[in-house]
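Below: the structure, in structure tokens.
Numbering (the numbering used here), first residue to last: 1 to 560.
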């Protein structure tokens, strides 16, 4: 089985079959043998679930032995043999369902899974709880991947059986299996589409797992799913409605942070501890910490912290983003470079130094170029949806950061009584990122909800005619249609945070003639402040409060 650790899976499988032959449990050689053996294992598993039958078999087994000492020794030897055979069947089953061996029949895979489960339960204390859980999980995976929906209820049964073995009394089960005890992990396992025959190339978002370990493969898919959910919560948040309330609750930041917290707790899988006899086997897993996934988690946390106005958190998490894993550096991915320079720009923008704004602008320019390159990269990828949401988040962050840098300069000039319009370089950079956003919107509909807001912003930066700007902002001020049922239409409507940002821009930069009465403006600003407070955007919420106070009577309105 040492051959398997070097990738010679065929030789490893041959050795495993030899082991089974020596143990007197050779694989079936004909269809009739397979049908008989499969039928017997189904009956055997059913009988094993009946405690009375197990008790009777044990009594008969003991009476057939001459002395108690002989019986105990024979029973111990039988359990050890059952353990060895169970592990051999289990390893073969893993190799088959991960596609490392020529595809056999579904019946053959079910037969190997049941043999492994039956013999593992016969081994009792001779097999570690972690390995017993692993065998049940692999059986569930085999039933789900090879038998489709026909035996889906059996896959669910074996999953629940594995979870029951992970109870408080089974504290020896490693952390790498805890994700399957979480409701989200169980739902992903049973309902989502995943494959354990993925290509050998590394993912951009997770470290490569053992290609012959199906549990590690599904764990990797689950980690990417959590990462995707976290980013999706930011770029296309799903509005919730409180009970008895018509107002939508903006909760994209809290949702994203919850997913990232879960990801942090599940990402560092250390593999499943196997018995000493197979410590160097083909499927030994020693994954260690997934530094790639942790880096993405830190980068998204920096983005959330910056959007929330939590400067201390940005500085704290940026130290982790600076340490780009070597595996990511080797890929030379333009998307990774775009995310890195965007995080650096956000961090630099917090500097109180005079050259901090210019340095942030330079990093924005670098990130912008890399983002455009990532949009031009063609080729098949297994993480297309995740790429799209990360690109959209990066593009939106760059545009929001450029807006913040422009508003700082505009605010400083207005304080001196001087008008300020963005420079040609600032406008060119903003237009480039706006072009990236439009390009994303062609293939990824949720990007549309950002386009109108940023188009209005660039017109404000250039000092263009306010009529068209007002029309664009009006589009972002619309509420999402409650009766809309088409998913694409919902994705195109602006989110609550976009609406609040549009209110801020309109009240701050548009002429008074384009806005409603001061009282109505204060009501809109108070609404925006409440939305931003729910979302956790401290910086923009403070801006709203200051504008309300300037309008007069802001205290009464904010309190209402």
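By construction, the Cβ of each residue, glycine as well, lies at the ideal position given by its N, Cα and C atoms.
On a predicted model such as this, the values are computed, not experimentally measured, just so you know.
Nearest CA to the CA of residue 438: which residue from 425, 424, 453? Working through the chain shown from its first residue, we reach residue 438 at position 438. Cα-wise, what sits closest to residue 438 is 453.
Could you round the C-beta distance between residue 339 and residue 318 to whole angstroms and report it? I think they count as a contact, below 8 Å. Along the chain shown, read from residue 1 onward, the residue named residue 339 stands at position 339. Along the chain shown, read from residue 1 onward, the residue named residue 318 stands at position 318. Residue 339 to residue 318, Cβ: 12 Å. No contact.
First and last residue of the uninterrupted alpha helix (DSSP H) at residue 507: The count along the chain shown starts at 1 and reaches residue 507 at position 507. 496–509 is the span of the alpha helix (DSSP H), which, as asked, contains residue 507.
Assuming residue 38 and residue 107 make a contact with CB atoms under 8 Å, what is their CB distance in whole Å? Taking the chain shown and counting its residues from 1, the one referred to as residue 38 is at position 38. Taking the chain shown and counting its residues from 1, the one referred to as residue 107 is at position 107. With a Cβ gap of about 6 Å, residue 38 and residue 107 count as contacting.
Taking C-beta to C-beta, are residue 27 and residue 85 nearer than 8 Å? Along the chain shown, one-based indexing puts residue 27 at 27. Along the chain shown, one-based indexing puts residue 85 at 85. No, Cβ-Cβ distance for residue 27 and residue 85 is not below 8 Å.
Taking buried to mean at least 16 other C-beta atoms within 10 Å of its own C-beta, is residue 395 buried or exposed? Against the chain shown, residue 395 aligns to sequence position 395. Result: buried.
Check whether the region 304–322 touches the region 363–379, taking contact to mean three or more Cβ pairs, one atom from each stretch, closer than 8 Å. no
Whole angstroms are fine: how far does the CA of residue 117 sit from the CA of residue 132? In the chain shown, the residue the question calls residue 132 occupies position 132. In the chain shown, the residue the question calls residue 117 occupies position 117. For residue 132 and residue 117, the distance between alpha carbons rounds to 8 Å.
Cβ neighbour criterion (16 or more within 10 Å) applied to residue 124: To locate residue 124, count along the chain shown from 1; it is residue 124. It counts as exposed.
Taking Cβ to Cβ, would you say residue 392 is nearer than 8 Å to residue 440? For the purposes of this step, residue 392 is taken as residue 392 along the chain shown, with counting starting at 1. For the purposes of this step, residue 440 is taken as residue 440 along the chain shown, with counting starting at 1. Contact flag set, yes.
Whose C-alpha, out of 291, 127, 157, 21, is nearest the C-alpha of residue 204? As a working note, residue 204 is residue 204 in the chain shown. For the residues 291, 127, 157, 21, the minimum Cα distance to residue 204 belongs to 291.
Cβ neighbours of residue 444 in the same chain (closer than 6 Å, five flanking residues each side left out): Within the chain shown, numbered from 1, the residue matching residue 444 stands at position 444. If we look at residue 444 and ignore the five residues flanking it on each side, its Cβ neighbours are 388.
Cβ shell of residue 20 (< 6 Å), same chain only, five flanking positions each side left out: Residue mapping note: residue 20 aligns to position 20 of the chain shown, counting from 1. For residue 20, where only same-chain residues beyond five positions count, the Cβ hits under 6 Å are 26, 88.
Let's see if you can read the secondary structure: which residues bound the alpha helix (DSSP H) around residue 33? Indexing the chain shown from 1 puts residue 33 at position 33. Element bounds for residue 33: 31–48.
Do residue 308 and residue 213 have their C-beta atoms within less than 8 Å of each other? Counting from one through the chain shown, the residue named residue 308 turns up at place 308. Counting from one through the chain shown, the residue named residue 213 turns up at place 213. Going by C-beta atoms, residue 308 is not nearer than 8 Å to residue 213.
Taking all protein chains shown into account, decide if residue 211 is buried (16 or more other Cβ within 10 angstroms of its Cβ) or exposed. Reading the chain shown from its first residue, position 211 is the one you call residue 211. Residue 211 is buried by the Cβ-count criterion.
Within this structure, are the beta carbons of residue 113 and residue 142 separated by less than 8 Å? Here residue 113 is taken as the residue at index 113 of the chain shown, counted from 1. Here residue 142 is taken as the residue at index 142 of the chain shown, counted from 1. Contact: yes.
What does a CB cutoff of less than 7 Å around residue 170 pick up in its chain, not counting 5 residues either side in sequence? If you number the chain shown from 1, residue 170 lands on position 170. With a pLDDT of only 49 at residue 170, under the threshold of 50, the placement of this residue in the model should not be trusted, and no figure is reported.
How big is the Cα-Cα spacing for residue 196 and residue 289? Within the chain shown, numbered from 1, the residue matching residue 196 stands at position 196. Within the chain shown, numbered from 1, the residue matching residue 289 stands at position 289. If you take the alpha carbons of residue 196 and residue 289, they lie about 21 Å apart.
To the nearest angstrom, report how far apart residue 294 and residue 507 are at their CA atoms. As a working note, residue 294 is residue 294 in the chain shown. As a working note, residue 507 is residue 507 in the chain shown. Distance between the alpha carbons of residue 294 and residue 507: 40 Å.
Looking at the unbroken alpha helix (DSSP H) that takes in residue 296, where does it start and where does it end? Counting from 1 along the chain shown, the entry for residue 296 is found at position 296. Here the alpha helix (DSSP H) through residue 296 covers 291–308.
Expressed to the nearest angstrom, what Euclidean distance is found between the alpha-carbon atoms of residue 235 and residue 254? For the purposes of this step, residue 235 is identified with residue 235 of the chain shown, where counting begins at 1. For the purposes of this step, residue 254 is identified with residue 254 of the chain shown, where counting begins at 1. Each residue's Cα considered, the two are about 13 Å apart.
So, helix, strand or coil for residue 444, using DSSP? For this step, residue 444 is matched to residue 444 along the chain shown. In the structure shown, residue 444 sits in coil (DSSP, three-state: anything other than H, G, I, E or B).
I need the DSSP call for residue 98, collapsed to helix, strand or coil. Your numbering for residue 98 matches position 98 in the chain shown. Coil at residue 98, not helix or strand.
Mapping the DSSP letters down to three states, classify residue 422 as helix, strand or coil. Numbered from its first residue, the chain shown carries residue 422 at position 422. Note: residue 422 maps to coil in three-state DSSP.
List in chain order: all unbroken alpha helix (DSSP H) runs of 4+ residues lying wholly within the region 118–183. 129–147, 152–164
Rounded straight-line distance, which links the Cα of residue 472 to that of residue 524: Position 524 of the chain shown, counted from the start, is the residue given in the question as residue 524. Position 472 of the chain shown, counted from the start, is the residue given in the question as residue 472. Cα to Cα, residue 524 sits roughly 17 Å from residue 472.
Where residue 76 falls: helix, strand or coil (DSSP): Residue mapping note: residue 76 aligns to position 76 of the chain shown, counting from 1. In this structure, residue 76 counts as helix in the three-state DSSP scheme.
What is the DSSP secondary structure of residue 194, counted as helix, strand or coil? As a position in the chain shown, residue 194 is number 194, starting the count at 1. Residue 194 falls in the coil class under three-state DSSP.
Residue 205 - containing alpha helix (DSSP H), residue span: Start at 1 with the first residue of the chain shown, and residue 205 comes out as number 205. Where residue 205 is concerned, there is no enclosing alpha helix (DSSP H), given that its DSSP letter is neither H nor E.
Rounded C-alpha distance that separates residue 79 from residue 390: Reading the chain shown from its first residue, position 79 is the one you call residue 79. Reading the chain shown from its first residue, position 390 is the one you call residue 390. Each residue's Cα considered, the two are about 52 Å apart.
Using only the alpha-carbon positions, how far apart do residue 468 and residue 455 sit? For the purposes of this step, residue 468 is identified with residue 468 of the chain shown, where counting begins at 1. For the purposes of this step, residue 455 is identified with residue 455 of the chain shown, where counting begins at 1. Rounded to whole angstroms, residue 468 to residue 455 spans 10 Å at the Cα level.
From residue 110 to residue 540, what does the alpha carbon distance come to, in whole angstroms? Here the question's residue 110 lines up with position 110 in the chain shown. Here the question's residue 540 lines up with position 540 in the chain shown. Looking at the two C-alpha atoms, the distance is approximately 58 Å.
Could you tell me how far apart the beta carbons of residue 430 and residue 386 are, in whole angstroms, since I believe they sit closer than 8 Å? Counted from its first residue, the chain shown places residue 430 at position 430. Counted from its first residue, the chain shown places residue 386 at position 386. Wrong, their Cβ atoms sit about 26 Å apart, outside the cutoff.
Do residue 98 and residue 217 have their C-beta atoms within less than 8 Å of each other? In the chain shown, residue 98 corresponds to position 98, counting from 1. In the chain shown, residue 217 corresponds to position 217, counting from 1. Against a cut-off of 8 Å, the Cβ pair of residue 217 and residue 98 comes out as a contact.
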